[in-house]
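Q: Protein chains in written order, with my numbering: chain A, 1 to 205; chain B, 1001 to 1205.
1. How long is the line joining the alpha carbons of residue 1123/B and residue 175/A, rounded to whole angstroms?
2. List, in chain order, every chain B residue whose beta-carbon is nearer than 9 angstroms to that of residue 131/A.
3. Please list the residues of the stretch 80-100 of chain A that have a C-beta atom closer than 9 angstroms to any C-beta atom in chain B, keeping them in chain order.
4. Opposite residue 1058/B in the DSSP bridges: which residues?
5. For residue 1099/B, which residues of its own chain have a beta-carbon under 6 angstroms away from its beta-carbon, when the five flanking residues on both sides are left out?
6. Any chance you could list the beta strand (DSSP E) runs of at least 3 consecutive residues sitting entirely within the stretch 1121-1181 of chain B, in chain order?
7. Name the two residues that bound the continuous beta strand (DSSP E) containing residue 82/A.
8. In chain order, what residues of the same chain lie with their CB nearer than 8 angstroms to the CB of residue 183/A, ignoring the 5 residues before and after it?
9. What is the rounded straight-line gap between the Cα of residue 113/A and the Cα of residue 177/A?
10. Anything in the stretch 1183-1199 of chain B with a Cβ closer than 9 angstroms to a Cβ of chain A? List those residues in chain order, please.
11. Spell out a yes or no on whether the stretch 1059-1073 of chain B and the stretch 1101-1112 of chain B are touching, meaning 3 or more CB-CB pairs, one atom from each, closer than 8 angstroms.
12. Do residue 154/A and residue 130/A have their C-beta atoms closer together than 8 angstroms?
13. Tell me, which residues are paired with residue 1064/B by DSSP?
14. Please confirm whether residue 122/A has its beta-carbon closer than 8 angstroms to some beta-carbon of chain B.
15. Does any residue of chain B have a CB that is nearer than 8 angstroms to the CB of residue 61/A?
16. Within this structure, are the beta carbons of residue 1126/B and residue 1089/B separated by less than 8 angstroms?
17. Against chain A, does residue 1118/B count as a neighbour if the rule is that its beta carbon must be under 8 angstroms from one of theirs?
18. With a cut-off of 8 angstroms, does the C-beta of residue 1167/B fall near any C-beta of chain A?
19. Figure out for me which residue from 81/A, 93/A, 59/A, 79/A has the closest Cα to the Cα of residue 53/A.
20. Counting contacts by CB-CB distance shorter than 8 angstroms, is residue 157/A in contact with chain B?
21. For residue 104/A, list the residues DSSP reports as bridge partners.
22. Between the alpha carbons of residue 187/A and residue 46/A, how many angstroms are there, rounded?
23. Residue 112/A lies in the beta strand (DSSP E); which residues open and close that run?
24. What residues of chain E sit near residue 1128/B, judged by a beta carbon separation below 8 angstroms?
25. Tell me whether residue 152/A is buried or exposed, calling it buried when 16 or more other Cβ atoms sit within 10 Å of its Cβ.
26. Can you check whether the CB of residue 1181/B is closer than 8 angstroms to the CB of residue 1205/B?
27. By DSSP, does residue 195/A sit in helix, in strand, or in coil?
28. Could you tell me how far apart the beta carbons of residue 1128/B and residue 49/A are, in whole angstroms, since I believe they sit closer than 8 angstroms?
29. Is it buried or exposed, residue 1189/B, if we count other Cβ atoms within 10 angstroms and call 16 or more buried?
30. Please work out which residues of its chain come closer than 6 angstroms, Cβ to Cβ, to residue 1101/B, disregarding the five sequence neighbours upstream and downstream, and give them in chain order.
31. Return the residue from the list 141/A, 78/A, 79/A, 163/A that minimises the CA-CA distance to residue 120/A.
32. Shorter than 8 angstroms from the beta carbon of residue 78/A to some beta carbon of chain B?
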């Protein structure tokens, strides 16, 4: 079972995550390329960490907690809570001393990338990161095509502003192709986005 | 009511946070200096953000979600979840392009700072951040004395290793004084730790 919460992301419960810890189960998923973008990125980040290349983590899902029970002799149980909208991006960390900050989004569309699953708050956050000379981008995955792109935040913001000015609510596939870096899907790491970050750093120097 | 969860931190539910949105309530707390270190840091970070000085946020509390209900025509409700131990530090972000990463801890002790409310995972994370040339530290608050110190991660790790080698399980107050930067408590920002970060950056150059 896969839950979808407000922003359309899949949400896996603890039990499901446990199943995935089983290596056979994982292997099947793996060979089928059935992994979500989040799973691919988590594996990539684990690889980067294990190789001392970068320290980048996904932030925990923001939750509004309303009610907590404290049973005797056992762990506190959250009995009522709600998903909150993220006010920042999902991933951040450090690479060669530089601050790295990004959001990851996937679509089944093949001709364009809809802007609807990004939020105003996240775009604002990206602009703030750029103002502080951090490196910010969005990883876009066209899941039906198995194509992954890294689009710099400054470019994304241009398309966002076009939408705010009454323009189209998506980025066409060819716009993505001409403005972004295509990232080949590999085995280890799965999504080697640091190669793109190297190019972004080099360009800025 | 204040809840304490496994690592001894206070946890405020949504209802309580709502009350704090009331400005009178906030003012009373404020003048009494009854704010927690977390509240002081959140205000400080909001101030930094509003002045375009830095983009630093507290990460959401990590939660293990076990059961979610999807009532018709209303938001998804988390019905069973547990607090997870954090594997990284609580705060991170960007300042002048540099990656900033820290943990914040307070004690009512007046003669020493116990190491027990830090976790092995967090210390490892700090070492990883240092390896990537990030800026990492811990903000220590002696709440009874109203004194706040910034201790660089490299120093903290020295005391941690002393403990692992069988030495004392705390850092004496005078050790804190001689190895760390004292941060004056102000009005706005409350805890101006970026002044210390400036010194750390300068020292490294």
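For glycine and all other residues, C-beta sits at the position ideal for the given N, C-alpha and C.
Remember, predicted model here, so these are calculated numbers, not experimental data.
A: Here's the rundown:
1. Taking the second chain and counting its residues from 1, the one referred to as residue 1123/B is at position 123. Taking the first chain and counting its residues from 1, the one referred to as residue 175/A is at position 175. Cα to Cα, the separation comes out at about 44 angstroms.
2. Along the first chain, read from residue 1 onward, the residue named residue 131/A stands at position 131. Under the 9 angstroms cutoff, chain B gives 1052, 1055.
3. 80, 81, 82, 83, 84, 86, 87, 88, 92, 93, 94, 95, 96, 97, 98, 99, 100
4. Position 58 of the second chain, counted from the start, is the residue given in the question as residue 1058/B. Residue 1058/B is bridged to 1091/B.
5. Locating residue 1099/B in the second chain gives position 99, where the first residue counts as 1. Cβ neighbours of residue 1099/B beyond the five flanking positions: 1134.
6. 1135-1142, 1147-1152, 1170-1172
7. Against the first chain, residue 82/A aligns to sequence position 82. Residue 82/A -> beta strand (DSSP E) spans 77-83.
8. As a working mapping, residue 183/A is identified with position 183 in the first chain. So the qualifying residues of the chain are 139, 148, 149, 150, 191, 192, 193, 195, 196.
9. Counting from one through the first chain, the residue named residue 113/A turns up at place 113. Counting from one through the first chain, the residue named residue 177/A turns up at place 177. Answer to the nearest angstrom: the Cα atoms are 11 angstroms apart.
10. none
11. no
12. Residue mapping note: residue 154/A aligns to position 154 of the first chain, counting from 1. Residue mapping note: residue 130/A aligns to position 130 of the first chain, counting from 1. Cβ atoms of residue 154/A and residue 130/A: closer than 8 angstroms.
13. Within the second chain, residue 1064/B is the residue found at index 64, counting from 1. In DSSP, residue 1064/B forms a bridge with 1082/B.
14. Counting from 1 along the first chain, the entry for residue 122/A is found at position 122. No, residue 122/A lies away from the interface with chain B (no Cβ there is under 8 angstroms from its Cβ).
15. Residue mapping note: residue 61/A aligns to position 61 of the first chain, counting from 1. True, the Cβ-Cβ gap to chain B drops below 8 angstroms.
16. If you number the second chain from 1, residue 1126/B lands on position 126. If you number the second chain from 1, residue 1089/B lands on position 89. The answer is yes: Cβ separation under 8 angstroms.
17. Working through the second chain from its first residue, we reach residue 1118/B at position 118. Judged by the 8 angstroms Cβ criterion, residue 1118/B is not in contact with chain A.
18. The sequence position of residue 1167/B within the second chain is 167, counting from 1. Judged by the 8 angstroms Cβ criterion, residue 1167/B is not in contact with chain A.
19. Position 53 of the first chain, counting from 1, holds the residue named residue 53/A. That would be 93/A, whose Cα lies nearest to the Cα of residue 53/A.
20. Here residue 157/A is taken as the residue at index 157 of the first chain, counted from 1. For residue 157/A, the answer is no, since every Cβ of chain B falls outside 8 angstroms of its Cβ.
21. Here residue 104/A corresponds to residue number 104 of the first chain, with the count starting at 1. For residue 104/A, which the question treats as bridged, DSSP gives the partners 139/A.
22. Here residue 187/A refers to the residue found at position 187 of the first chain. Here residue 46/A refers to the residue found at position 46 of the first chain. About 13 angstroms.
23. The residue you call residue 112/A lines up with position 112 of the first chain. Its beta strand (DSSP E) spans residues 112-114.
24. Protein chains A and B are contained in the structure displayed, whereas chain E is not.
25. Counting from 1 along the first chain, the entry for residue 152/A is found at position 152. Result: buried.
26. On the second chain, residue 1205/B is found 205 positions in, with the first residue counted as 1. On the second chain, residue 1181/B is found 181 positions in, with the first residue counted as 1. Not a contact, by the Cβ cut-off of 8 angstroms.
27. The sequence position of residue 195/A within the first chain is 195, counting from 1. Note: residue 195/A maps to helix in three-state DSSP.
28. Along the second chain, read from residue 1 onward, the residue named residue 1128/B stands at position 128. Along the first chain, read from residue 1 onward, the residue named residue 49/A stands at position 49. Indeed they touch by this definition, with Cβ atoms about 7 angstroms apart.
29. Here residue 1189/B refers to the residue found at position 189 of the second chain. Buried, by the Cβ-count rule.
30. Position 101 of the second chain, counted from the first residue, corresponds to residue 1101/B. So the qualifying residues of the chain are 1089, 1092, 1129, 1134, 1136.
31. Translated into positions along the first chain, residue 120/A becomes position 120. For residue 120/A, the nearest C-alpha among the options comes from 163/A.
32. In the first chain, the residue the question calls residue 78/A occupies position 78. Output row for residue 78/A: interface = yes.
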